[in-house]
Amino acid sequence: MSQGPAGPGLLARLRAGRASLLAGLFFLYVMALFGGTALLQRGLFERDGYYHARLAQLMLARGLSRAFPWTQLSTWRTQFCDKEFLYHLGMMPFAQLGGDPILGARLFAALLSVAVLLALFLVLRRHRVPWPVFFAALPLAAGGLFIARLGMIRSHVLSMALLLLGLHFLLRRNWKALAVLGFAYAWSYTMPFVLVMSAVPFAAGLWLGRGGLDWRSPAAAGCGAVLGLVVHPYSPLTLETFLTYVQVFRLGLQGVGGSGVELGNEIYPYAPGVFFDIYPLVVILVPLVLLLTLGPSLRRKLAPETLGLVCTLAFWSAMTLAAPRFVEYSVLLLALACGFVARDLRPELAPWGARHPGLWAGALGLAVAVLAGFHLRALGLRLDPPGFRGFYVHYQSVAAPPRYFQGASAWMTEHLAPGETVINLYWDDFPELFYDGHRQHYLWGLDPTYSLREDAQRTLLLEQMRRQQRPLDGRALVQAFPSRHLICRAQRARAFPALELPPFREVYRDESAVLYRID
779 MSQGPAGPGL LARLRAGRAS LLAGLFFLYV MALFGGTALL QRGLFERDGY YHARLAQLML
839 ARGLSRAFPW TQLSTWRTQF CDKEFLYHLG MMPFAQLGGD PILGARLFAA LLSVAVLLAL
899 FLVLRRHRVP WPVFFAALPL AAGGLFIARL GMIRSHVLSM ALLLLGLHFL LRRNWKALAV
959 LGFAYAWSYT MPFVLVMSAV PFAAGLWLGR GGLDWRSPAA AGCGAVLGLV VHPYSPLTLE
1019 TFLTYVQVFR LGLQGVGGSG VELGNEIYPY APGVFFDIYP LVVILVPLVL LLTLGPSLRR
1079 KLAPETLGLV CTLAFWSAMT LAAPRFVEYS VLLLALACGF VARDLRPELA PWGARHPGLW
1139 AGALGLAVAV LAGFHLRALG LRLDPPGFRG FYVHYQSVAA PPRYFQGASA WMTEHLAPGE
1199 TVINLYWDDF PELFYDGHRQ HYLWGLDPTY SLREDAQRTL LLEQMRRQQR PLDGRALVQA
1259 FPSRHLICRA QRARAFPALE LPPFREVYRD ESAVLYRID
């Protein structure tokens, strides 16, 4: 008789041990995936990482300087605001490792990527979601570009971790913690109101699920974010930075033809076919979850907080259709919503599983196989038609070449005066120029919106010459900008025949970059 209670206790311990082992193996794989990518790839497909690495390294020397002379055609020249201050502060110790800060920045990014999935797993487990490892692994099956974005050296990865923490506080209705987190968000990310934008649809879902109107949580998150913008190392420039981001989003909706300036690819919406090709699992699961929860019979079986997550998923999915960069939030919400729906429906499915254990085990095995299949497709590690390359493999190999301007930067260090301005036709070349050639100054970079706000006329002149809507005129460039040198990638320079003619004179060339003097 004394052995009766010990049997269930031993079984529970065995199950807990098996679950812990499975979770440990999963996170070992995650660390190997992102750590291996960080250490083995030759370059970065998202070139902004070079800017973040160099800025983090220079933080000790620069302090809280509001001058950023490396972009002469930009509001940052005299009104620099580090909108990702806490992100760079966290990266700073890593960026001091060795003489090349990109290695430390890559290690920091890999740790942050693992932290995002770990936070997702802990939130799922804390709220008693069954099979938390399965749902924590769902983002790795979302698509190769999502996995690549999760591994970027960019502050949106920190924002993903903070949002998961905020969702945990929303689920617990801890409005005091939300206020503190909203404050931290304003110091960490370009969009300080991500938490508020999530809290509002979550509160609406709670209300629809008859969980009461929780107005305190959105209010607390909003008040914390506003206070964080006011009490900020770069205040009051934080407000101007936020307005700039609103302008970026508005210009993205207009398209290149309407705005006159080409922004980053992540700003413009994808065509439906392209979106499905990149994020097939997202396109399948998001409508399925939304349709399931619309049914009255099923909706009554869901907890109010589950409907809150579903409403938040609907909001960020709509935002993702407008601007694909928000996919990082919709994928996290998709994993949480699926997990919470499974938790709430588990009592309904348990009797059926007990009656048909074989079918139940088969269904779970099929779900794992589907998840693994989508993950392998995202990585590109499956048998494909000739010429097909998986998104993740493509972004981390073909789209991640070594740095372009190492040789040209060495030449500029030897032949140009410190602080001399060099014209860069392409704003997306700036992160590498700042990384390898931070002894010099340049015209624009990171985001052309800062240049538009500084001087729209000269910015459009530069953009129209870059897009060859008007001739590349060296004399007009010299008149518009205080510079006698122009730098460009070698491949891009071939598109401008005018660079082979006076007043342009080639002074340096290697296989990746070319530098001209305008006589």
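Residue numbers for the sequence shown follow this note's numbering, beginning at 779 and rising by one. C-beta atoms are modelled at their ideal positions from N, C-alpha and C, and glycine is treated no differently.
Can you tell me the Cα-Cα spacing of residue i and residue j, whole angstroms?
| i | j | result |
| --- | --- | --- |
| Pro910 | Phe899 | 6 angstroms |
| Leu943 | Ser891 | 15 angstroms |
| Ala845 | Leu1240 | 23 angstroms |
| Leu956 | Cys1001 | 9 angstroms |
| Leu881 | Arg932 | 14 angstroms |
| Gln1218 | Thr1191 | 8 angstroms |
| Leu1076 | Phe912 | 23 angstroms |
| Ser937 | Trp965 | 11 angstroms |
| Leu1087 | Leu1114 | 7 angstroms |
| Leu1231 | Glu1018 | A small correction: the amino acid at residue 1231 is Arg; Leu does not occupy that position in the sequence shown. Going from the Cα of Arg1231 to the Cα of Glu1018 covers about 10 angstroms. |
| Tyr1173 | Ser1229 | 28 angstroms |
| Pro847 | Leu1111 | 40 angstroms |
| Phe812 | Arg927 | 11 angstroms |
| Gly787 | Leu806 | 28 angstroms |
| Leu1142 | Arg796 | 16 angstroms |
| Ser1037 | His934 | Residue confidence is low: Ser1037 scores 49 on pLDDT, short of 50, so the model does not pin down where it sits. No coordinate-derived value is stated. |
| Ser976 | Glu1083 | 13 angstroms |
| Tyr1107 | Glu824 | 19 angstroms |
| Pro1074 | His866 | 47 angstroms |
| Val1285 | Thr1199 | 16 angstroms |
| Tyr1057 | Gln1242 | 34 angstroms |
| Phe1298 | His1153 | Absent from the model: residue 1298. The displayed extent of the chain is 779 to 1297, so no value can be given. |
| Val1109 | Cys1116 | 11 angstroms |
| Ser1175 | Met930 | 14 angstroms |
In this structure, how does DSSP classify residue i when only helix, strand and coil are distinguished?
| i | result |
| --- | --- |
| Tyr1046 | coil |
| Cys1319 | A query on residue 1319 cannot be resolved here, the shown segment of the chain reaching from 779 to 1297 and no further. |
| Thr1090 | helix |
| Tyr963 | helix |
| Thr1191 | helix |
| Thr1152 | First, the residue type needs correcting, since residue 1152 is Phe and not Thr in the sequence shown. Residue state, collapsed to three classes: helix. |
| Ile931 | coil |
| Glu1278 | helix |
| Glu824 | coil |
| Val901 | helix |
| Thr853 | helix |
| His1216 | coil |
| Leu1293 | strand |
| Val1285 | strand |
| Thr1199 | strand |
| Leu758 | Any question about residue 758 goes unanswered here, given that the chain covers just 779 to 1297. |
| Ala1273 | coil |
| Asp1122 | helix |
| Pro917 | helix |
| Met969 | coil |
| Gly989 | coil |
| Asp1055 | helix |
| Ser1013 | coil |
| Val1034 | Low confidence applies here, because Val1034 scores a pLDDT of 49, under 50, leaving its location unreliable; read the following figure in that light. If DSSP states are grouped into helix, strand and coil, Val1034 belongs with the helices. |
List the whole-angstrom C-beta distance separating residue i from residue j, where the pair is believed to meet the contact cut-off of C-beta under 8 angstroms.
| i | j | result |
| --- | --- | --- |
| Leu1293 | Ala1195 | Contact doesn't hold; Cβ gap of about 15 angstroms is too wide. |
| Leu1264 | Ile1201 | 4 angstroms |
| Trp953 | Arg994 | 4 angstroms |
| Gly983 | Cys1089 | 3 angstroms |
| Thr1237 | Leu851 | 6 angstroms |
| Ala834 | Pro908 | In fact, because the Cβ distance is near 40 angstroms, the residues do not count as touching under 8 angstroms. |
| Phe1169 | Leu923 | 5 angstroms |
| Ala1081 | Asp1122 | 5 angstroms |
| Ala962 | Gly1006 | 7 angstroms |
| Met869 | Phe886 | 5 angstroms |
| Pro917 | Leu948 | Not quite, the Cβ-Cβ distance comes to about 19 angstroms (not below 8 angstroms), so this is no contact. |
Could you tell me whether the Cβ atoms of residue i and residue j are closer together than 8 angstroms?
| i | j | result |
| --- | --- | --- |
| Ala999 | Val974 | yes |
| Arg1244 | Asp1207 | no |
| Ala1100 | Pro1047 | yes |
| Thr863 | Pro1014 | Going by the sequence as given, residue 863 is Phe instead of Thr. For Phe863 and Pro1014, no; Cβs fall outside 8 angstroms. |
| Gly876 | Arg1181 | no |
| Trp1205 | Trp1189 | no |
| Ala1156 | Gly921 | yes |
| Tyr829 | Phe1212 | yes |
| Phe872 | Ala883 | yes |
| Asp992 | Arg951 | yes |
| Phe1282 | Gly1252 | yes |
| Val1067 | Val1119 | yes |
| Val901 | His946 | yes |
| Ala1234 | Leu1250 | no |
Would residue i pass as an interface residue toward chain B - the criterion being a Cβ-Cβ separation below 8 angstroms?
| i | result |
| --- | --- |
| Phe1118 | Looking at the structure shown, chain B is missing, and only one protein chain is on hand. |
Which residue spans inside the region 829-883 form an unbroken alpha helix (DSSP H) run of at least 4? 863-873
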